[in-house]
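Residue numbers (this note's numbering): 31 to 296.
Below: one structure, written as structure tokens.
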Amino acid sequence: MNILEHNRKAWNAESARGGQWCTPVDGATIARARAGDWQIVLTPTRAVPRHWFGNLQGKDVLCLASGGGQQVPVLAAAGANVVSFDLSDEQLGKDRLVAQRERLAVTFVQGDMADLSVFEDGRFDLIFHPASNVFAPDVRVVWKECYRVLRTGGSLLAGIMSPSIFLFDEDEAKRTGVLSVKYKLPFSHLTSLDAEEKERWLASGEPAEFSHSLDAQIGGQLDAGFVLVGLYEDNWSDDAMLFNRYSPVAFATWAGKPAPGAVTGR
């Protein structure tokens, strides 16, 4: 099964439906961002602290798997030189729509978040990567590529889904109102489902998701050479996901690329 092609088509369909992460921001949001009044999310609801970004004016920013017409145009309006890099044609199209409408200078590149070979070493000052690496089979490769394309002193801001949410069948929990452990971690739509479940999943057209351990998420960043600077947790916006009642569903990390010779634990 070609995971990239499956997920590209799945996100194209989701974007065409206009889901939560596929609805472009309006002109008023861009006007406020130009005036310095803006906020964006890495996780479902909690705004990223502004000091995590530093001064955006003139910074080279990679929005990694962040298409949808939301974060990319806001960062461009706030003064950054933004590259939108996404697998989905439709999600890139949403970014392009807002950029053209608001006359924002944004570069668009289609590709796999685990392969940033189109960019030279040290290309960016900042990488903004929402909680989208659940669609990547191997997140450690993503972190290594992020480290390579960042300049010394640059930052990686990443949203991460808690691996614990993959223990449960969300549809079953919604139907019964009860959370019961069903799957063993690491979870993968390719290997964790029985034949009937896999048939339903394929028929749904939903993307393939993969849980990643904290060892792969945080440890993977550290192994790539990053230093952890900041972290916070977050939930979904309502109780649609029962897991909210018991534990945060996501967290965000701020990791920095230190100067050569700095102590990093590598």
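Each residue gets a CB set at the ideal place from its N, CA and C atoms; glycine is no exception.
R181, DSSP secondary structure in three states: strand
Under three-state DSSP, which class holds S192? S192 falls in the coil class under three-state DSSP.
Can you grab the Cα-Cα spacing for the pair L127 / C93, in whole Å? 16 Å
If you draw a straight line from the alpha carbon of A282 to that of M143, how long is it in whole angstroms? Approximately 18 Å, taken between the alpha carbons.
Check G152 in the structure and name its three-state DSSP category. coil
What's the gap between the Cα of L72 and the Cα of V78? 7 Å
Which partner residues does Q140 have in the DSSP bridge list? D116
Around the C-beta of L105, are 16 or more other C-beta atoms found within 10 angstroms, so that it is buried, or is it exposed? buried
Taking just the CA atoms, how far does G98 sit from D264? 21 Å
Whole-number beta carbon distance between Q251 and L258, since they are thought to touch under 8 Å: Going by Cβ atoms, the distance from L258 to Q251 rounds to 7 Å, so yes, they are a contact pair.
Going by DSSP, what residue range makes up the alpha helix (DSSP H) through E229? First-last of the alpha helix (DSSP H) with E229: A225 to S234.
Using the C-alpha atoms, what's the distance from G152 back to I190? 24 Å
Comparing alpha-carbon positions, which option in Y262, I195, R80 and T59 lies nearest Y276? I195
Check the C-beta distance from G235 over to A43 and give it rounded, since I have them as a contact under 8 Å. 6 Å
Neighbour-count burial assignment, T9, 16 or more Cβ in a 10 Å radius: Residue 9 cannot be examined here, being either before or after the span of the chain that is shown, 31 to 296.
Assign T283 to one of three DSSP states: helix, strand, or coil. strand
Element boundaries [beta strand (DSSP E), containing L94]: D90 to L94
Since V139 and V102 are thought to touch, with beta carbons under 8 Å apart, how far apart are those beta carbons, to the nearest angstrom? No, V139 and V102 are not in contact; Cβ-Cβ is about 12 Å, not under 8 Å.
Would you kindly check if the distance between the Cβ of F217 and the Cβ of V179 is under 7 Å? no
Based on DSSP bridge pairs, tell me the residues matched to G66. Answer by DSSP bridge pairing: none, since G66 is not bridged.
S267 by DSSP, collapsed to three states: which one? coil
For the candidate residues G184, N85, K228 and R80, whose alpha-carbon lies nearest to that of P290? G184
Between A46 and D268, what straight-line distance do the alpha-carbon atoms span, to the nearest angstrom? For the pair A46 and D268, the Cα-to-Cα distance works out to about 24 Å.
So, using beta-carbon positions, are V171 and N163 closer together than 7 Å? Taking 7 Å as the Cβ cut-off, V171 and N163 do not qualify as a contacting pair.
Around the Cβ of L215, are there at least 16 other Cβ atoms within 10 angstroms (buried) or fewer (exposed)? exposed
Please name the residue or residues paired with V305 in a DSSP beta bridge. Past the edges of the chain, shown from 31 to 296, lies residue 305, and the structure says nothing about it.
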